[in-house]
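K.L.:
Following this message is one structure expressed as structure tokens.
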Amino acid sequence: MLKIELVPDLTHCIETVAKREHAAVLKQLLTPRKGNKELEEKLEILRLFLERVDFKQLRVESKRQIMRGEELNLWFIWITVCLNTKCI
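Each residue of the sequence shown is one higher than the one before, counting from 1 in the working numbering.
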């Protein structure tokens, strides 16, 4: 099982963190060397995550928590993937 840790902070939301990670993995894959199956899977997982998550709603919920003085529950987000089915 492949796990990807995305850690947003006060300056970068989860979407930005995911986009940066996706770009970093893509850059690694484009270097002239043998392909890496794990990196290819990670790239696909991040692509699916970026396509499927409703980031607008995620930001709305986060803002509500901040306005109520609550601690955000999105500091650590783990994407767990079934390697054969690419489920997230």
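Cβ atoms here follow ideal geometry from the backbone N, Cα and C, with glycine treated the same way.
1. Residues in the same chain with beta-carbon distance under 8 Å from L26, minus the five sequence neighbours each way, listed in chain order, please.
2. Given a cut-off of 9 Å on the beta-carbon distance, is the pair L48 and I14 in contact?
3. What is the residue span of the alpha helix (DSSP H) that E15 lies within?
4. Which class does E5 belong to by DSSP, given the choice of helix, strand or coil?
5. Expressed to the nearest angstrom, what Euclidean distance is found between the alpha-carbon atoms of M67 and L10?
P.N.:
The answer reads as follows:
1. Mapped onto the sequence shown, residue 26 falls at position 26. Once the five neighbours on either side are set aside, the close Cβ partners of L26 are L43.
2. Within the sequence shown, numbered from 1, the residue matching residue 48 stands at position 48. Within the sequence shown, numbered from 1, the residue matching residue 14 stands at position 14. Cβ atoms of L48 and I14: not closer than 9 Å.
3. Here residue 15 refers to the residue found at position 15 of the sequence shown. I14 to L29 is the extent of the alpha helix (DSSP H) around E15.
4. Your numbering for residue 5 matches position 5 in the sequence shown. In the structure shown, E5 sits in a strand (DSSP, three-state: E or B).
5. Against the sequence shown, residue 67 aligns to sequence position 67. Against the sequence shown, residue 10 aligns to sequence position 10. Near 14 Å, if we compare the C-alpha coordinates of L10 and M67.
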